[in-house]
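What follows is a short report on a single structure.
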Amino acid sequence: MSLAEQASQAIQSTSHPTLRALSGAPGRSQLPRGATALLVIDFQNEYFSGRLPIPRGPQVLEQARRLLQWADAGQVAVFHIQHIAPEGAPVFAVNGSAVQFHPGLQPRAGDTVVQKRSVSAFVGTDLADQLRARGITTLVICGLMTHACVAGAARDAAPLGFEVVVASDAVATRAITRSNGESVDADSLHRAALAEIEDVFGDVMPTAHVMQLALR
Numbered sequence: 001m002s003l004a005e006q007a008s009q010a011i012q013s014t015s016h017p018t019l020r021a022l023s024g025a026p027g028r029s030q031l032p033r034g035a036t037a038l039l040v041i042d043f044q045n046e047y048f049s050g051r052l053p054i055p056r057g058p059q060v061l062e063q064a065r066r067l068l069q070w071a072d073a074g075q076v077a078v079f080h081i082q083h084i085a086p087e088g089a090p091v092f093a094v095n096g097s098a099v100q101f102h103p104g105l106q107p108r109a110g111d112t113v114v115q116k117r118s119v120s121a122f123v124g125t126d127l128a129d130q131l132r133a134r135g136i137t138t139l140v141i142c143g144l145m146t147h148a149c150v151a152g153a154a155r156d157a158a159p160l161g162f163e164v165v166v167a168s169d170a171v172a173t174r175a176i177t178r179s180n181g182e183s184v185d186a187d188s189l190h191r192a193a194l195a196e197i198e199d200v201f202g203d204v205m206p207t208a209h210v211m212q213l214a215l216r
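Residues in the sequence shown are numbered consecutively from 1, following the UniProt record's numbering.
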C-alpha cells in the first residue's frame, strides 16, 4: 500500500482527520541526514526550581537527554534555546539563577545557543538564518512548555519552510488558572497543544519513534 493510500485509509477511518492528513501529508519514516537539527527549548531552572515548576519536568528532561545522545550519534546539529527577560522580571530575569540552563541539560561544545525574548524562538532572533546557513530543512523539537514556546516554534517554523517533528514525551507544560477562575490541568493543555501542532504544523511522535527514524 502506497503512502497516499495509507493516508486515505487513515482519513476514512476517523471522523476527525487532521488538516495535514486531509492535505495528503505523508507518514514520516526518515529524516534528512545533514539537514536535520534538534531544538532544545527552554530547559531552564525556572521550570524546575523556580516559579513555573513543570510536574513532568524531570521525566521530560531525561527524554531530551536521550535525544541529545541520538543527535550526537547521527551528527544532528543541536540548538539550545534560552528564554531571557529584563533584569528584575518576575520570571526568567537575566540577572537571576532561574534563567540559567538546568544543570542536567547544559549546552556542550559544538552546540549552538540562541537567546530569545518572545514565546517563539524565531521572533527577534537569527535562528532561521543560522539554520538555513547550515542547510537545515527539518527540525526535531523538545522542550518547555508544550502550549507556549514549543508550539510557538512549530507554528513559526512551518511557514518559514521548515519541516517539524515534535517529540511528544520530551515536551511538557503546567496547569494554569484563567482570569475567569477556570483551571486547565497540565495534561489537557499538553494534549491540546500537541493536537494543534499535529493538525497544522508538523509530525508528533514519542522520542523512541523519533530515534527509530532513518537518517538518509
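We put the beta carbon where it would ideally sit given N, CA and C, even for glycine.
Model, not experiment: these values are computed from the prediction.
Q.
Since A37 and L131 should fall inside the 8 Å C-beta cutoff, what is the C-beta to C-beta distance between them, to a whole number of angstroms?
A. Position 37 of the sequence shown holds residue 37. Position 131 of the sequence shown holds residue 131. About 6 Å separates the Cβ atoms of A37 and L131, confirming a contact at the 8 Å cut-off.
Q.
For E196 and R108, what's the separation of their Cα atoms in angstroms?
A. Within the sequence shown, residue 196 is the residue found at index 196, counting from 1. Within the sequence shown, residue 108 is the residue found at index 108, counting from 1. In this structure, the straight-line span from the alpha carbon of E196 to that of R108 is close to 32 Å.
(Q) Once DSSP output is grouped into helix, strand and coil, what is the label at T18? (A) Position 18 of the sequence shown, counted from the first residue, corresponds to residue 18. DSSP places T18 outside both helix and strand once states are collapsed to three, so it counts as coil.
Q.
Helix, strand or coil, according to DSSP, for A138 in the structure here?
A. To locate residue 138, count along the sequence shown from 1; it is residue 138. Residue identity check: residue 138 is Thr in the sequence provided, not Ala. Here T138 sits in strand by DSSP.
Q. Of the choices H209, T207, A35 and G202, whose alpha-carbon is the least far from that of T18?
A. Taking the first residue of the sequence shown as position 1, residue 18 is located at position 18. Taking each of H209, T207, A35 and G202 in turn and checking the Cα distance to T18, the smallest one comes out for G202.
Q) Quick one: Cα of H190 to Cα of R174, how far? A) Walking along the sequence shown from the start, residue 190 turns up at place 190. Walking along the sequence shown from the start, residue 174 turns up at place 174. Between H190 and R174, the C-alpha separation is close to 8 Å.
Q: Using only alpha-carbon positions, find the residue among P32, G88 and A85 that is nearest to E163.
A: What you label residue 163 is simply residue 163 of the sequence shown in a count that begins at 1. Of P32, G88 and A85, the residue nearest in Cα terms is P32.
Q: Measure the alpha-carbon distance for I41 versus L139 and round it to whole angstroms.
A: Translated into positions along the sequence shown, residue 41 becomes position 41. Translated into positions along the sequence shown, residue 139 becomes position 139. Each residue's alpha carbon lies about 12 Å from the other.
Q: Going by CA-CA distance only, name the one from S97, Q100 and R28 that's closest to V204.
A: Taking the first residue of the sequence shown as position 1, residue 204 is located at position 204. When each option's Cα is compared against that of V204, the closest is R28.
(Q) Rounding to the nearest angstrom, what Cα-Cα distance links A154 and I141 in this structure? (A) In the sequence shown, counting from the first residue as 1, residue 154 sits at position 154. In the sequence shown, counting from the first residue as 1, residue 141 sits at position 141. One C-alpha to the other measures close to 8 Å.
Q. Does DSSP put Q212 in a helix, in a strand, or in coil?
A. For this step, residue 212 is matched to residue 212 along the sequence shown. It is helical.
(Q) Quick check: the Cα distance between Q212 and A73, rounded to an integer number of angstroms? (A) Taking the first residue of the sequence shown as position 1, residue 212 is located at position 212. Taking the first residue of the sequence shown as position 1, residue 73 is located at position 73. Rounded to the nearest angstrom, the two C-alpha atoms are 12 Å apart.
Q. Given a threshold of 16 other Cβ atoms within 10 Å of its Cβ, counted over all protein chains shown, does F79 qualify as buried or as exposed?
A. Stepping through the sequence shown from its first residue, residue 79 is reached at position 79. Note on F79: 16 or more other CB atoms within 10 angstroms of its CB, so buried under the neighbour-count rule.
Q) If we count the other Cβ atoms within 10 Å of its Cβ and call it buried at 16 or more, is T146 buried or exposed? A) If you number the sequence shown from 1, residue 146 lands on position 146. Result: buried.
Q: Given a cut-off of 7 Å, decide if F43 and H102 are closer than it, judged by their beta-carbon atoms.
A: Working through the sequence shown from its first residue, we reach residue 102 at position 102. Working through the sequence shown from its first residue, we reach residue 43 at position 43. Yes. Within cutoff.
**Q.** Continuous alpha helix (DSSP H) stretch holding Q63: start and end
**A.** As a first step, residue 63 is located in the sequence shown; it is residue number 63 there, counting from the start. Where Q63 is concerned, the enclosing alpha helix (DSSP H) stretches over G57 to G74.
Q) Is the closest heavy atom of the ligand MG to the C-beta of L68 under 6 Å? A) The ligand MG is absent from the structure shown, which contains no ligand whatsoever.
Q) Are the Cβ atoms of A172 and R66 separated by less than 7 Å? A) Within the sequence shown, the letter at position 172 stands for residue 172. Within the sequence shown, the letter at position 66 stands for residue 66. Here A172 is not near R66, since their CB atoms are 7 Å or more apart.
Q) Per DSSP, D199 is paired with what? A) On the sequence shown, position 199 is the one that residue 199 refers to. The partner list for D199 (beta bridge, DSSP) is empty, contrary to what the question assumes.
Q: Would you mind listing the beta strand (DSSP E) stretches within the segment 75-121 that are 3+ residues and don't spill past its ends, in chain order?
A: If we require 3 residues or more, the beta strand (DSSP E) runs fully inside the segment 75-121 come out as 77-83 and 112-116.
(Q) With a threshold of 6 Å on Cβ separation, who are the neighbours of V184 within its own chain once the five nearest residues in sequence on each side are excluded? (A) To locate residue 184, count along the sequence shown from 1; it is residue 184. The beta carbon of V184 sits closer than 6 Å to the beta carbons of I176 from its chain, once the five residues preceding and following it are set aside; these are given in chain order.
Q: Put T207 into one of helix, strand or coil per three-state DSSP.
A: To locate residue 207, count along the sequence shown from 1; it is residue 207. Correct three-state label for T207: helix.
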